[in-house]
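Residue numbers (this note's numbering): 184 to 357.
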């Protein structure tokens, strides 16, 4: 009895993922360990890298699996360090404040996740738009002050802010 083409395709894909895993997993984990300085984090990110390979469903088309794994793993390392920076900044602010009630670990995790989402949204903005948004909302500058710093008109700052707010709304809908 003939098997459907998609069954053979899935089996071929699965075999290719296994082959790539066996040939490159140890190397990838060592590569990550050198960058992270932590075996456990390296193991986690190596696993995440291979999960992305599995979800891609195109392992059979990879001509240079090591290059692909390196690119994906590098992105995961950047995200890891970004998350650590945001988490440390948040925890430092918490430590410096005298709070009657300290947020629970769950609340802290939710706040850190929200901060990461804001960071991802801000990273998609053009540099001047992002800077204007941060100066207004974090530093409390007026539109006029931002305009002077960016050497643009106040009207342009208003456009930047509208663009940033629209981006916030669009991200919120996701």
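Each residue gets a CB set at the ideal place from its N, CA and C atoms; glycine is no exception. The structure presented is a predicted model; accordingly, all values stated were derived computationally and were not measured.
Own chain partners of residue i with C-beta closer than 6 Å, once the 5 adjacent residues on each side are dropped
{"i": "residue 219", "result": "225"}
Test item: CB-CB of residue i and residue j under 7 Å
{"i": "residue 313", "j": "residue 324", "result": "no"}
{"i": "residue 231", "j": "residue 252", "result": "no"}
{"i": "residue 278", "j": "residue 308", "result": "no"}
{"i": "residue 207", "j": "residue 249", "result": "yes"}
{"i": "residue 340", "j": "residue 326", "result": "yes"}
{"i": "residue 256", "j": "residue 215", "result": "yes"}
Length of the line joining the Cα atoms of residue i and residue j
{"i": "residue 272", "j": "residue 193", "result": "45 Å"}
{"i": "residue 244", "j": "residue 195", "result": "11 Å"}
{"i": "residue 285", "j": "residue 349", "result": "33 Å"}
Nonlocal neighbours in the same chain, by C-beta distance under 7 Å from residue i, ignoring five residues either side
{"i": "residue 302", "result": "265, 269"}
{"i": "residue 344", "result": "315, 316, 319"}
{"i": "residue 212", "result": "225, 226, 229"}
{"i": "residue 204", "result": "233"}
Short CB-CB distance (under 7 Å) between residue i and chain C
{"i": "residue 204", "result": "Absent from the structure: chain C. Only one protein chain is present."}
Same chain only: Cβ atoms within 8 Å of residue i, ignoring 5 sequence neighbours per side
{"i": "residue 318", "result": "324, 328, 329, 332"}
{"i": "residue 200", "result": "233, 236, 237, 242"}
Inter-residue CB distance, residue i and residue j (contact presumed, cutoff 8 Å)
{"i": "residue 221", "j": "residue 300", "result": "So it is not a contact: roughly 25 Å between Cβ atoms."}
Contained alpha helix (DSSP H) runs [length at least 4] in the segment 191-271, N- to C-terminal order: 222-239
Segments of 4+ residues assigned as alpha helix (DSSP H) that fall wholly inside the segment 322-352: 326-333
Ranges of the alpha helix (DSSP H) found wholly within the segment 279-308, counting only runs of at least 4: 288-306
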